[in-house]
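**Student:** Each residue of the sequence shown is one higher than the one before, counting from 204 in my numbering. Note that CB positions come from ideal geometry on N, CA and C, so glycine has one too.
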Amino acid sequence: MPPAFGKCYDPTGSQYGIPTYPWRYAPGGLATRRQLRTRGLRPGGQPIAAQVLRPRYRRGPLVAYLYRVDCAKPVRPMTPGKRAALAKAMCARRTCPQCHTDAGYVIPTSLGMCVTCAYPEEQRAA
């Protein structure tokens with residue numbers, strides 16, 4: 204293993220409190236949330252089993268928490284009520300509070316309204 208990974212390698216957990224591995228060197232049987240999700244699984248309330256650190260220059264390392272695959276549970280299916288609630292929430296994010304129209308995209312929080320309402324003079328010129 205390269206010497207640069209020395210700070211990131213702690214399989215006993217004495218330095219960080221949980222077993223720590225360098226990026227791409229985690230043992231089998233452990234997966235991140237995203238990796239579990241691609242397999243159709245979720246952590247299911249289990250504690251974090253280990254972590255993976257990726258060193259970066261001038262900033263702190265990137266951390267990815269790992270969970271045991273054998274203790275993971277299947278993802279809960281989407282219910283019709285949940286699907287309707289998510290559709291309603293996304294519709295609210297696309298609706299401009301000023302002109303009350305569906306913008307067709309999620310309205311930026313920095314503007315607080317659709318681009319047409321935020322910059323009307325530029326829209327008239329185009």
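#1: In whole angstroms, what is the alpha-carbon distance linking glutamine 254 and alanine 267?
#2: Can you tell me whether tryptophan 300 is helix, strand or coil according to DSSP?
#3: Thinking C-alpha only, which one of Arg227, Arg236, Leu256, Leu244 is nearest glutamine 218?
#4: At a Cβ threshold of 7 Å, is serine 217 touching chain B?
#5: Among Leu269, Arg261, Ala229, Gly231, whose alpha-carbon lies nearest the alpha-carbon of glycine 248?
#6: So, for tyrosine 224: in the same chain, excluding its five sequence neighbours on each side, which residues have a beta-carbon less than 6 Å away from its beta-carbon?
**Tutor:** From the atom records:
#1: Here residue 254 is taken as the residue at index 51 of the sequence shown, counted from 1. Here residue 267 is taken as the residue at index 64 of the sequence shown, counted from 1. Straight-line Cα distance between these residues: approximately 6 Å.
#2: Locating residue 300 in the sequence shown gives position 97, counting from the first residue. Sequence inspection shows proline at residue 300; the tryptophan mentioned does not correspond to that position. Residue state, collapsed to three classes: coil.
#3: As a working note, residue 218 is residue 15 in the sequence shown. Of the candidates Arg227, Arg236, Leu256, Leu244, the one whose C-alpha sits nearest the C-alpha of glutamine 218 is Leu256.
#4: Reference to chain B is not applicable here, since this structure consists of a single protein chain.
#5: Taking the first residue of the sequence shown as 1, we reach residue 248 at position 45. Answer by Cα proximity: Leu269.
#6: For the purposes of this step, residue 224 is taken as the residue at position 21 of the sequence shown. Apart from sequence neighbours up to five positions away, the residues of its chain that approach tyrosine 224 with a beta-carbon distance below 6 Å are Val255, ordered along the chain.
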